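Below: one structure, written as structure tokens.
Protein chains in written order, with the numbering used here: chain A, 2 to 403; chain B, -15 to 151.
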């Protein structure tokens, strides 16, 4: 068994043991892999995970439903709004709350922005690991613009805690709308330029094509989901298979690859960003037709009333108290809800016994499940290829360890 | 949504396994049933390999603990048939002292870490698992922390007790 070791100089062996991580600058997160190396080639490897395990599932059993949203932020922190909204929708599904179309479309906009911000980081970092810093820095500016939109909507940038169960805490203001519209217009040319730096770049192709190729059958056997599964040629996307938040109203394509190598994953992610822009454009168009000012479902027993009503209205005060104390009536049931996270199917399995907190909450974290093939697939790879392979899997340490 | 109904899936399973499948229900449209630990591998294999059902994708394996029940430790499987776009949830309940269940790793490689996680948090022994070690917690931990007997907060603390809130 490969264990983290201090090399014993007395021991004579043919291979070298290399601790890649836990804090190696090239792994972009807390990942440890103990590799047996034959020169530059990996003979075998063992992944050790759990360095930033924070027991979210246990904590969730002691928190009212609305206090679990900030925990979901800290899973995939590159696209936390998707986690937040996935959780809101899970609770809404359990409570049977139907959100208005306008809320759905606003959520779609935020979720697609989050998807873009996640994919652009992943593809940018892939470039960095292949030795090209400029593309990453160029896209970083655009991520800043996305974060400014979040900031305008919820006040936070990274761990957003965006929205509430039932909708949003407030309507998007005019600055937010203007920023979204500006972003939708400005992003595709930037992405085009980024693609021109990489897509037909000889060095980039040589470094990525054929690296970490996975066939569809193996990928399914390892329960892969998300862009890396689609790069293998399987057209599975939760947004299409089980539409949530009115995704069925939108017209978009699911890009798939053929070989499942790093290059295909890069291409799939790039195309998904264009598709996300397409979805946002459609959402903006659809929102024109919706009634203005609706930003949450009409569910006073679940959705916090506005503060001025709490001070002046008895009913609002009671609801406010009950919601804050976690005293809302919930059914005894179990529910599995999944959303298409940036890395794959992000599932929430919630077992409720009618109490203040979930009886059991399990997160199906795509990074955790996708990452388990990393060590087996690294076998026989060059170390430099293994680094590129890891960044194209886009494993986020927070989601891996939960 | 799905190309075959939950009823059809259940009928097919009942025809094959009869009374080995019990307590079926459909919370929020997801077919759920219980099975025994002796039959679980056979049921999973049938679901996966049957041409019509084709539950080719293992979405998740996780555990649950009901301390007051006779069989307190539960293992929960979520399967997904991509072709039919149907999901199914299978629960297996096990005894408290040394709960063990056959591993699903012969069917899906992806079950490996999911089972390690379930072992890590609930102490379920997956027989035939190639590498059943703790995964997220430290190796020298002696308890299985997601079981209900391990409270998150100080058990002597009373200010959060339910009776203060009318329960």
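Backbone N, C-alpha and C define an ideal beta-carbon position, used for all residues, glycine too. These numbers come from a predicted model, not from an experiment.
- Below the 8 angstroms Cβ cutoff, chain A contributes 50, 51 as neighbours of residue 119(B), in chain order.
- Within 7 angstroms of the CB of residue 223(A), the CB atoms of chain B belong to 93, 94, in sequence order along the chain.
- Among the bridge pairs identified by DSSP, residue 341(A) is matched with 346(A).
- For residue 118(A), the enclosing alpha helix (DSSP H) has its first and last residue at 102 to 130.
- The DSSP-derived three-state label of residue 79(B) is coil.
- Taking C-beta separations shorter than 8 angstroms and ignoring five residues to either side along the sequence, the partners of residue 185(A) in its chain run 278, 281, 282, 285, following chain order.
- Interface residue (Cβ-Cβ distance to chain A less than 9 angstroms): residue 85(B) is not classified as such.
- According to the DSSP assignment, residue 146(A) belongs to the alpha helix (DSSP H) that extends over 135 to 155.
- Shown here, residue 247(A) sits in coil according to DSSP, grouped into three states, outside any helix or strand.
- Residues are counted here when their Cβ sits less than 8 angstroms from a Cβ of chain B; for the region 169 to 180 of chain A the count is zero.
- Boundaries for residue 29(A): no beta strand (DSSP E) harbours it, and the DSSP string shows neither H nor E there.
- At a cut-off of 9 angstroms between beta-carbon atoms, residue 32(A) makes no contact with chain B.
- DSSP places residue 365(A) in the uninterrupted beta strand (DSSP E) bounded by 361 to 365.
- Residue burial is scored here from C-beta neighbours: residue 315(A) has fewer than 16 other C-beta atoms within 10 angstroms and is therefore classed as exposed.
- When DSSP states are grouped into helix, strand and coil, residue 17(B) belongs to the strand group.
- Taking every protein chain shown into account, the CB of residue 134(B) has fewer than 16 other CB atoms within 10 angstroms, so this residue is exposed.
- Three or more Cβ pairs closer than 8 angstroms define a contact, and the region 104 to 114 of chain B meets that threshold against the region 43 to 60 of chain B.
- Not a single CB atom of chain B sits nearer than 9 angstroms to the CB of residue 340(A).
- In the DSSP assignment, residue 161(A) falls outside any beta strand (DSSP E) and carries neither an H nor an E.
- Sequence-distant partners of residue 363(A) (beyond 5 residues in either direction) whose C-beta falls short of 7 angstroms from its own C-beta, in its chain, are 58, 350.
- What residue 129(B) touches in chain A, judged by beta-carbon distance under 9 angstroms, is 56, 59, going in chain order.
- Going by beta carbons, residue 335(A) and residue 367(A) fall outside the 9 angstroms limit.
- The C-alpha of residue 55(A) lies about 10 angstroms from the C-alpha of residue 121(B).
- Buried is the label assigned to residue 128(A), since at least 16 other Cβ atoms lie within 10 Å of its Cβ.
- Scanning its chain for C-beta atoms nearer than 8 angstroms, with the 5 sequence neighbours on each side dropped, one finds around residue 235(A) the residues 217, 220, 221, 257, in chain order.
- Under the Cβ distance rule, residue 60(B) counts among the residues neighbouring chain A, one pair being separated by less than 9 angstroms.
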